[in-house]
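Only one structure is covered here, and it is reproduced in the block below.
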Amino acid sequence: MKTFTLHKVLFILILFVSQFSSAKAKTVCNTCELKSLKEAIAVAHAGDTILVKKGTYKEYNIVVDKPLTIIGENFPVIDGEDQGEIIRIVSDYVTIDGLFIINVGTSYTSDHAAIRVVRSKNFLIQNVVLEKLFFGIYIEKSNHGKIYHNKIIGDAQNEYNSGNGIQLWYSKNVVVEKNIVQKVRDGIYLEFSDHILIKDNISTKNLRYGLHFMFSNDDVYTNNTFENNGAGVAVMFSKRIKMNQNTFRNNWGPAAYGLLLKEINDAEIYNNVFEENTTAIHIEGSNRVTYSGNNFTRNGYALKVHGACYANVYEKNNFAHNSFAVSYNSKINDNVFKNNYWSSYTGYDLDNDGVGDVPYRPVKLFSYIVNQTPETIILMRSLFIGIIDFSEKVSPVFTPDNLLDMSPQIKRYE
Amino acid sequence: MFKILKYSFYDLIRSRWSFVYLLFYLMLGSVLLFLNNDLSKAVITLMNVIIILVPLIGTIFGVMYYYNSKEFTELLLAQPIKRSTIFIGQYLGVALSLSLSLIIGLGIPFVLYGLFQSNEIWDFVLLLITGLFLTLIFTALAFNIALYNENRIKGFSYAILAWLFMAVIYDGLFLMSLIAFQSYPLDSFSITATMFNPIDLSRILILLKLDISALLGYTGAVFQKFFGTGFGLLLSTSALSVWVLLPVFNMYRKCRKKDF
Numbered sequence: 034m035k036t037f038t039l040h041k042v043l044f045i046l047i048l049f050v051s052q053f054s055s056a057k058a059k060t061v062c063n064t065c066e067l068k069s070l071k072e073a074i075a076v077a078h079a080g081d082t083i084l085v086k087k088g089t090y091k092e093y094n095i096v097v098d099k100p101l102t103i104i105g106e107n108f109p110v111i112d113g114e115d116q117g118e119i120i121r122i123v124s125d126y127v128t129i130d131g132l133f134i135i136n137v138g139t140s141y142t143s144d145h146a147a148i149r150v151v152r153s154k155n156f157l158i159q160n161v162v163l164e165k166l167f168f169g170i171y172i173e174k175s176n177h178g179k180i181y182h183n184k185i186i187g188d189a190q191n192e193y194n195s196g197n198g199i200q201l202w203y204s205k206n207v208v209v210e211k212n213i214v215q216k217v218r219d220g221i222y223l224e225f226s227d228h229i230l231i232k233d234n235i236s237t238k239n240l241r242y243g244l245h246f247m248f249s250n251d252d253v254y255t256n257n258t259f260e261n262n263g264a265g266v267a268v269m270f271s272k273r274i275k276m277n278q279n280t281f282r283n284n285w286g287p288a289a290y291g292l293l294l295k296e297i298n299d300a301e302i303y304n305n306v307f308e309e310n311t312t313a314i315h316i317e318g319s320n321r322v323t324y325s326g327n328n329f330t331r332n333g334y335a336l337k338v339h340g341a342c343y344a345n346v347y348e349k350n351n352f353a354h355n356s357f358a359v360s361y362n363s364k365i366n367d368n369v370f371k372n373n374y375w376s377s378y379t380g381y382d383l384d385n386d387g388v389g390d391v392p393y394r395p396v397k398l399f400s401y402i403v404n405q406t407p408e409t410i411i412l413m414r415s416l417f418i419g420i421i422d423f424s425e426k427v428s429p430v431f432t433p434d435n436l437l438d439m440s441p442q443i444k445r446y447e
Numbered sequence: 032m033f034k035i036l037k038y039s040f041y042d043l044i045r046s047r048w049s050f051v052y053l054l055f056y057l058m059l060g061s062v063l064l065f066l067n068n069d070l071s072k073a074v075i076t077l078m079n080v081i082i083i084l085v086p087l088i089g090t091i092f093g094v095m096y097y098y099n100s101k102e103f104t105e106l107l108l109a110q111p112i113k114r115s116t117i118f119i120g121q122y123l124g125v126a127l128s129l130s131l132s133l134i135i136g137l138g139i140p141f142v143l144y145g146l147f148q149s150n151e152i153w154d155f156v157l158l159l160i161t162g163l164f165l166t167l168i169f170t171a172l173a174f175n176i177a178l179y180n181e182n183r184i185k186g187f188s189y190a191i192l193a194w195l196f197m198a199v200i201y202d203g204l205f206l207m208s209l210i211a212f213q214s215y216p217l218d219s220f221s222i223t224a225t226m227f228n229p230i231d232l233s234r235i236l237i238l239l240k241l242d243i244s245a246l247l248g249y250t251g252a253v254f255q256k257f258f259g260t261g262f263g264l265l266l267s268t269s270a271l272s273v274w275v276l277l278p279v280f281n282m283y284r285k286c287r288k289k290d291f
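Quick mapping for you: the protein sequence lines, in order, are chains A and B.
Sequential numbering of the first sequence, starting at 34, is according to this note's numbering.
Sequential numbering of the second sequence, starting at 32, is according to this note's numbering.
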């Protein structure tokens, strides 16, 4: 299936290129007339295809300034020898396909990238493998492009001297699909980028965030997997984001989240899976967000709600075996919890309609105490805590008394 | 000592209560496993049972056995046997028979369930080890209390009180002091305070292997260092050993001086 779509894309591309110009293929190899990518680009005309044969090419600062299709055969190696940026695309309609780029230079003053796209439209970067990189694919003020099926394997050690895998800055309508990003600072980073589709990516073992959003609106990310990242996924200061069918797993650590939401308005968070994160979703200042059909399993905190979150709806989620299902740090609640499944629900269902007859209080007194005095976590699961939790459940004093799920489900949603 | 241990042990494992205890664990283990179908969840539930029930049963059994076998003990005291041998032997007899019930009662359902193919085996072993420690500690405490009190009603109430204190009241005081002094650094204090209560200690020891070890690291560097490393495990285990040794030593001291 994958190769099929890949071939289709390639085919369409070749068709496209050959229709628009009298395309000629230039071949680059170690024994050819053209021995480097730079020379080939210099002699190529707009619309040409450059075929790079297998071999190692020690080049950096390659500027692609005309619409070209650069295709690597059997992953030729472009070795930047840590000198700086490797490929810079400054023209529309550029395709980069099948290159193996290594040794991007590290710099503290400029963000050297393996492939940088600057103010260009309709770019396509696919089947590229990047290793030993600083920044991977850096899209700067470029619109209508696609980053498809790339593999970015970093070796980042410290946050201050490492870069991001895929970075979008002031770019619109870009598709990021089927990429694998590992061991960089932020797997995928978006800043001021709207209408981005992030789909089927796997972002793991990154130093900081698997995916990081800043000031980016109307984006969709779906079907991605974020695992073992230093701090999980952060979505900040953005509007109208759709997050569907993603998996957030194993983001353990004192400062790790499955998903961090800060100042997020009007978002939709549907059908995601949160498994074994310290905090599955950490929410701050987020309004009118709908959480539906999510699975929270074995997290430390499933939802950790900090101040100023209004008019959010949590419905039809599964909360199973989390140490704390919901944690609130205030007594005020303006959010709605309904039709969720809670594994620690102890009520009954006399009329057998699948909805518990007794409302469920997801906020435990102990989570409130832990918020106030973090050291008390050492008393977790002790009998005394059980007793005070029970008494608080019977008559709430410290936790928001209107925070109730009036219709808790008896059976878990499948 | 071994002869006395043997007699107490055989006497106890033939008694009805040992069987009830064994059956209870058998049932608990089977119900948890075969209705739950999730081994790691079963281990957590068992933890709750073990840290509350094992101390309680250890305490009550210990006191009960001491008072019930008082006449036999007095008979033995008339023989040329060392006093410490008699009491330590009896203590070990009670503690070992209780431990045996625990291990067999929980072990059988877990083995039937297929424990050896599971990753949870170490959690389970840790659970049993803490269960053993708690049995040893609370039986020893019970013997101490009984040695100090001739009146059985008093002895029983002190024993129950000791259990209640360790299981519930201590945590209440602990929690209140944590809240009262929340503006001070409390990491070292809370770790130390945990060491002084075997029930808390066992709870932490099991939790370290379970879900919340990362949550514990949430609060600060000292917790992080303590809970994130083998050092915490080592320190907790040695503290539990001290908790066994101290009451046994006191028992040894007291029984030599006691006037019968």
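We treat Cβ as the ideally placed atom computed from N, Cα and C, and that holds for glycine.
Residues that residue i contacts on chain A, provided the C-beta gap is smaller than 8 Å
| i | result |
| --- | --- |
| B/Gly203 | Phe417 |
| B/Leu238 | Met413 and Arg414 |
| B/Val91 | The question names Val, but residue 91 of chain B in the sequence shown is Ile. By Cβ distance, chain A contributes nothing, its closest Cβ being about 17 Å from B/Ile91, past 8 Å. |
| B/Thr225 | Ile411 |
| B/Ile235 | Ile411 |
beta-carbon residue i near the ligand COA non-hydrogen atom, thresh 7 Å
| i | result |
| --- | --- |
| B/Val125 | Judged by which ligands are present, the structure shown has none, so any question about the ligand COA falls away. |
Closer than 7 Å at the beta carbon, the chain B residues around residue i
| i | result |
| --- | --- |
| A/Glu408 | Leu209, Leu217, Asp218, Ser221 and Thr250 |
| A/His354 | Lys72 |
Candidates the options: closest to residue i by CA position
| i | options | result |
| --- | --- | --- |
| B/Met197 | B/Asn228, B/Phe187 and B/Arg47 | B/Asn228 |
| A/Gly380 | A/Val427, A/Gln405 and A/Glu408 | A/Val427 |
| A/Gly187 | A/Ile443, A/Val137 and A/Gly178 | A/Val137 |
| A/Phe431 | A/Met413, A/Thr409, A/Ile411 and A/Gln405 | A/Gln405 |
| B/Met226 | B/Phe118, B/Thr268, B/Ser188 and B/Arg287 | B/Thr268 |
| A/Phe370 | A/Val359, A/Ser377 and A/Ser376 | A/Val359 |
| B/Met95 | B/Ile82, B/Ala171, B/Ile83 and B/Phe147 | B/Ala171 |
| B/Phe292 | B/Ile35, B/Ile235 and B/Leu158 | Residue numbering for chain B in the displayed model covers 32 to 291; residue 292 of chain B lies beyond these limits and cannot be assessed. |
| B/Tyr52 | B/Leu133, B/Gln121, B/Val273 and B/Ala270 | B/Leu133 |
| A/Asn277 | A/Asn234, A/Asn284, A/Met269 and A/Asn283 | A/Asn234 |
| A/Tyr343 | A/His354, A/Gly117 and A/Asn368 | A/Asn368 |
| A/Ala300 | A/Phe246, A/Glu309 and A/Asn284 | A/Phe246 |
Residue i burial status per 10 Å Cβ neighbour count (16 or more: buried)
| i | result |
| --- | --- |
| A/Pro441 | buried |
| A/Glu260 | buried |
| A/Tyr90 | buried |
| A/Thr82 | buried |
| A/Ile297 | buried |
| A/Thr142 | exposed |
| A/Ser55 | Residue placement at A/Ser55 cannot be trusted, given a pLDDT of 48 that sits under 50; what the coordinates show is reported in the next sentence. Per the 10 Å Cβ criterion, exposed. |
| A/Thr311 | buried |
| B/Asp231 | buried |
| B/Met58 | exposed |
| A/His78 | exposed |
| A/Phe53 | For A/Phe53, the predicted structure reports a pLDDT of 48, less than 50, and the residue's modelled location is therefore unreliable. The matter cannot be settled from this model. |
| B/Leu276 | exposed |
| B/Phe262 | exposed |
Amino acids of chain A, ordered along the chain, whose beta-carbon sits closer than 9 Å to that of residue i
| i | result |
| --- | --- |
| B/Asn79 | Arg414, Leu416 and Gly419 |
| B/Asp231 | Ile411, Leu412 and Ser415 |
Listed by chain order, chain B residues near residue i by CB distance under 9 Å
| i | result |
| --- | --- |
| A/Ile172 | The contacting residues do not exist; A/Ile172 stays about 35 Å from chain B at best. |
Residues that residue i bridges to, as DSSP identifies them
| i | result |
| --- | --- |
| B/Thr166 | In DSSP, B/Thr166 forms no bridge with anything. |
| B/Thr161 | Answer is none; B/Thr161 lacks a bridge partner. |
| A/His339 | In the DSSP output, where bridge partners are listed per residue, A/His339 has none listed. |
| A/Asp227 | A/Lys205 |
| A/His315 | A/Leu293 and A/Lys337 |
| B/Leu84 | Partner(s): none; B/Leu84 has no beta bridge. |
| B/Thr90 | Note: B/Thr90 sits in no beta bridge, so no partner. |
| A/Asp130 | A/Ile104 and A/Gln159 |
| B/Arg234 | Answer is none; B/Arg234 lacks a bridge partner. |
| A/Glu260 | A/Thr237 and A/Arg282 |
| A/His245 | A/Tyr222 and A/Ala267 |
| A/Arg121 | A/Val96 and A/Arg149 |
Chain A contact residues for residue i, given Cβ-Cβ distances below 7 Å
| i | result |
| --- | --- |
| B/Ala198 | Leu416 |
| B/Thr104 | Near B/Thr104 there are no residues of chain A at all, since even the closest Cβ is about 34 Å away, more than 7 Å. |
| B/Ile168 | Under the 7 Å cutoff, chain A gives no residues; its nearest Cβ is about 17 Å from B/Ile168. |
| B/Ile83 | Leu416 |
Partners in chain B for residue i, counting only beta-carbon separations shorter than 8 Å
| i | result |
| --- | --- |
| A/Gln405 | Ile210 and Gln213 |
Whole alpha helix (DSSP H) runs in the region 389-432 of chain A with 4 or more residues, listed along the chain? 398-405 and 416-427
Mind listing, in chain order, the continuous alpha helix (DSSP H) runs of no fewer than 4 residues lying wholly within the region 46-75 of chain B? 47-67
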